[in-house]
Each structure stands twice: as structure tokens, then as C-alpha cells.
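Taking our numbering, I'd label the letters of the sequence shown as residues 921 to 1013.
First the structure, in the form of C-alpha cells, and then the observations on it.
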Amino acid sequence: MADKPQTGELFGIPYNFERPSVGRLLSSYWKPGKGMLVEKPFGIGYTLNLANWRSWMVLVVAGALLYQERSGRDGDADDDEASEPVEVIVDDD
921 MADKPQTGEL FGIPYNFERP SVGRLLSSYW KPGKGMLVEK PFGIGYTLNL ANWRSWMVLV
981 VAGALLYQER SGRDGDADDD EASEPVEVIV DDD
């Protein structure tokens, strides 16, 4: 039985199932001069390049949305009124 390749591309999406090392993990998340997305050091697909300022903007926006979503859940006392069913009448002339 032939050995299956540990790295490669499938339908244009990279994969890597080699045993990760600390050096390879750190170097794959910090690649100056590369784009916002880089190949993952282990697994399937792409990850954020932390040497690119756009990646930090994505993280800030995601963190702000998560904070807003979690803080909004605690302060909504009017949810009981908003969750009541609404009757919609459609007049077909």
C-alpha cells in the first residue's frame, strides 16, 4: 500500500498533516511581506498572517462584535415584549 502524501493541495486548498513543531508554528503565523492569509501550519486551509496589519483589523472587528453580542445579551429587558408573536394580515384584492 502506498504512503499517502502529508502535504499538498486538494481543489486549490492547501493541507498539511505533518507533525507540527514550535518553530514551524511560529514562523507560519508571522510572514512579513506576504498577504493577509497564509497556509496553515497544521490542518486544512488558510490562517491569518499576524505580520500583516489587515489581520489585526480583522481580529479587532471580530473582538468588538463578540463584545457587543455578549454585552447586549445581558442588558435587554425588553426581549419579552419583542418575542411575542405578531399578526400579519395580507389583503389580497
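Just so it is clear, CB atoms sit at the ideal spot from N, CA and C, and this is done for glycine as well.
Legend entry - Simplified DSSP assignment, three categories, for L957: Strand at L957.
Inset, instruction - Tell me, please, whether the stretch 977-986 touches the stretch 943-950 by the rule of three or more beta-carbon pairs shorter than 8 Å. - result: Too few Cβ pairs lie closer than 8 Å, so no.
Inset, instruction - Look at the alpha carbon of P934 and the alpha carbon of G943, and state the distance between them as a whole number of angstroms. - result: 20 Å
Inset, instruction - Specify, as a first and last residue, the run of the beta strand (DSSP E) that G928 falls within. - result: T927 to L930
Inset, instruction - Please name the residue, chosen from I1009, G955, G963 and E1007, that lies closest to L930 on a Cα-to-Cα basis. - result: G963
Inset, instruction - Give the secondary structure of L970 by DSSP, where H, G and I count as helix, E and B as strand, and everything else as coil. - result: coil
Inset, instruction - Taking only beta-carbon positions, decide if Y966 is within less than 7 Å of chain B. - result: Among the chains of the structure shown, chain B does not appear; only one protein chain is present.
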